[in-house]
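**Q**
In the numbering used here, the protein residues as written are 748 to 965.
(1) Please name the residue in 836, 835, 821 whose C-alpha comes closest to that of residue 853.
(2) Along the chain, where does the beta strand (DSSP E) that runs through residue 879 open and close?
(3) With distances taken Cα to Cα, identify the nearest neighbour of residue 963 among 752, 757, 751.
(4) If contact is defined by three or more beta carbon pairs under 8 angstroms, each pair taking one atom from either stretch, is the stretch 774-787 in contact with the stretch 933-953?
(5) Roughly how many angstroms lie between the CA atoms of residue 876 and residue 961, to the nearest whole one?
(6) For residue 772, count neighbouring Cβ atoms within 10 angstroms of its own Cβ and tell me buried if that reaches 16, exposed if not.
(7) Taking only runs of the beta strand (DSSP E) that begin and end inside the stretch 818-876, which ones reach a length of at least 3 residues, in chain order?
(8) Rounded to whole angstroms, what's the CA-CA distance from residue 856 to residue 882? Just pull it up for me.
(9) Using the Cα positions of residue 934 and residue 922, report the straight-line distance between them to the nearest angstrom.
(10) To which residues of the same chain is residue 829 closer than 6 angstroms at the C-beta, ignoring the five residues directly before and after it?
(11) Compare the beta carbon distance of residue 833 and residue 774 with 9 angstroms and say whether it is the shorter of the two.
(12) Out of 956, 911, 759, 896, which has the shortest C-alpha to C-alpha gap to residue 938?
(13) Straight-line CA distance for residue 794 to residue 787?
(14) What residue does the alpha helix (DSSP H) around residue 937 start on, and which one ends it?
(15) Give me the residue from 903, 791, 839, 760 with the minimum Cα distance to residue 863.
(16) Have a look at 837, 956, 752 and flag the residue whose alpha-carbon is nearest the alpha-carbon of residue 819.
(17) Per the DSSP calculation, residue 809 is bridged to which residue(s)?
(18) Please check the pair residue 827 and residue 906, which I expect to be a contact at CB under 8 angstroms, by giving their CB distance rounded to whole angstroms.
(19) So the beta strand (DSSP E) residue 783 belongs to, where does it begin and stop?
(20) If you draw a straight line from the C-alpha of residue 782 to the C-alpha of residue 791, how long is it?
(21) If you draw a straight line from the alpha carbon of residue 890 to that of residue 930, how long is it in whole angstroms?
(22) Going straight from the alpha carbon of residue 920 to that of residue 802, what length do you get?
(23) On the CB-based measure, 16 or more other CB atoms within 10 Å of its CB, does residue 814 come out buried or exposed?
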């Protein structure tokens, strides 16, 4: 049986590839693994059947041969280890790729999500304008570190890896913003990853779901 992933029936990202199932689709495409998708409504995500797979009622969840996983980092790592194509064979290089996976999720993504969430929930609060420069300064500090390491290289450490996949998926959340535009090498890095055939297939698959859902609306 092919792996099964869960995804939004009607994604709030409007098909822009930001929903986290895109990370899993991309990893599977890079590994050359066919997969199936179980689409869920927001109500279904909170029902017992899905909570048994994803305790927090989110997407994605992942099922493969009796293995049930949640959290994109764990799922991408599982795909990379089981199916290959996303981690170097050299032990030291493999360890570095894993470090960049965790750096993307634990160091770079939190301040980006903080700013994004504040834009939704705090924009009309009196403190928002004063807080925004502080949030953006934290993001720039993280981008400084990634850009300094990347330099003029194509990827973070030799060949494209799961570390790059995860880092790019995080940076995409600020694509088109002045924050990312201030780092031309990172903008090029994201564009280079998005040009990969595996990413283009993953993006097209996620967009097709959104377009199908939109077509059903009266």
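Built from N, CA and C at the ideal position, the CB exists for glycine as well. Everything numeric in this text was worked out from a predicted model, so none of it was measured.
**A** In this structure, then:
(1) For this step, residue 853 is matched to residue 106 along the chain shown. Considering only alpha carbons, the answer is 821.
(2) By 1-based counting over the chain shown, the position of residue 879 is 132. First-last for residue 879: 875-897, but that is the alpha helix (DSSP H), not the beta strand (DSSP E).
(3) Along the chain shown, read from residue 1 onward, the residue named residue 963 stands at position 216. Comparing Cα positions, the closest option is 757.
(4) yes
(5) For this step, residue 876 is matched to residue 129 along the chain shown. For this step, residue 961 is matched to residue 214 along the chain shown. Each residue's alpha carbon lies about 35 angstroms from the other.
(6) The residue you call residue 772 lines up with position 25 of the chain shown. Classification of residue 772: buried, given that the 10 Å Cβ count is 16 or more.
(7) none
(8) For the purposes of this step, residue 856 is identified with residue 109 of the chain shown, where counting begins at 1. For the purposes of this step, residue 882 is identified with residue 135 of the chain shown, where counting begins at 1. Computed Cα separation, rounded: 12 angstroms.
(9) Position 187 of the chain shown holds residue 934. Position 175 of the chain shown holds residue 922. When only Cα atoms are considered, residue 934 and residue 922 end up about 8 angstroms apart.
(10) Translated into positions along the chain shown, residue 829 becomes position 82. Excluding positions up to five away in sequence, the list is empty.
(11) Here residue 833 refers to the residue found at position 86 when the chain shown is read from its first residue. Here residue 774 refers to the residue found at position 27 when the chain shown is read from its first residue. Using a Cβ distance threshold of 9 angstroms, residue 833 and residue 774 count as a contacting pair.
(12) Residue mapping note: residue 938 aligns to position 191 of the chain shown, counting from 1. Closest option to residue 938, Cα to Cα, is 911.
(13) Numbered from its first residue, the chain shown carries residue 794 at position 47. Numbered from its first residue, the chain shown carries residue 787 at position 40. Each residue's Cα considered, the two are about 10 angstroms apart.
(14) Counted from its first residue, the chain shown places residue 937 at position 190. Where residue 937 is concerned, the enclosing alpha helix (DSSP H) stretches over 931-941.
(15) For this step, residue 863 is matched to residue 116 along the chain shown. Per the Cα distances, 760.
(16) As a first step, residue 819 is located in the chain shown; it is residue number 72 there, counting from the start. Of the candidates 837, 956, 752, the one whose C-alpha sits nearest the C-alpha of residue 819 is 752.
(17) The residue labelled residue 809 in the question sits at position 62 within the chain shown. Looking at the DSSP assignment, residue 809 forms a beta bridge with 752, 816.
(18) Locating residue 827 in the chain shown gives position 80, counting from the first residue. Locating residue 906 in the chain shown gives position 159, counting from the first residue. So it is not a contact: roughly 13 angstroms between Cβ atoms.
(19) On the chain shown, position 36 is the one that residue 783 refers to. Here the beta strand (DSSP E) through residue 783 covers 783-787.
(20) For this step, residue 782 is matched to residue 35 along the chain shown. For this step, residue 791 is matched to residue 44 along the chain shown. For residue 782 and residue 791, the distance between alpha carbons rounds to 21 angstroms.
(21) The residue given as residue 890 occupies position 143 in the chain shown. The residue given as residue 930 occupies position 183 in the chain shown. So the two alpha carbons sit approximately 8 angstroms from each other.
(22) The residue labelled residue 920 in the question sits at position 173 within the chain shown. The residue labelled residue 802 in the question sits at position 55 within the chain shown. Using only the alpha carbons, I get a separation of about 25 angstroms.
(23) In the chain shown, the residue the question calls residue 814 occupies position 67. Result: exposed.
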